[in-house]
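Start counting the sequence shown at 113; every next residue gets the next number (my numbering).
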Amino acid sequence: LFTCVAVFTKKMEIKTFLKWRAAETYVYFFILIISILINCIIFIVFYIYV
Numbered sequence: 113l114f115t116c117v118a119v120f121t122k123k124m125e126i127k128t129f130l131k132w133r134a135a136e137t138y139v140y141f142f143i144l145i146i147s148i149l150i151n152c153i154i155f156i157v158f159y160i161y162v
């Protein structure tokens, strides 16, 4: 019984860890998209004004 509980908690830890990693990846992706958009906007503004 104890080993079963230990295996279950370990599986849950792995699942939450994977979810957390996925969330982290989404955050990185979101930051990347925002930075690209900001670069595009800055480029367009410079292109128009210069």
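Yeah, the Cβ is synthetic: ideal placement off N, Cα and C, and Gly gets one too.
Remember, it's a predicted structure, so these values are computed and weren't measured experimentally.
Residue i versus residue j: straight-line alpha-carbon distance, rounded
i    : j    : result
A120 : F114 : Checking the sequence shown, residue 120 turns out to be Phe, not Ala. Each residue's alpha carbon lies about 10 Å from the other.
W132 : I145 : 20 Å
A135 : F142 : 10 Å
Neighbourhood of residue i by C-beta distance below 8 Å, restricted to the same chain and skipping five residues each side
i    : result
Y140 : none
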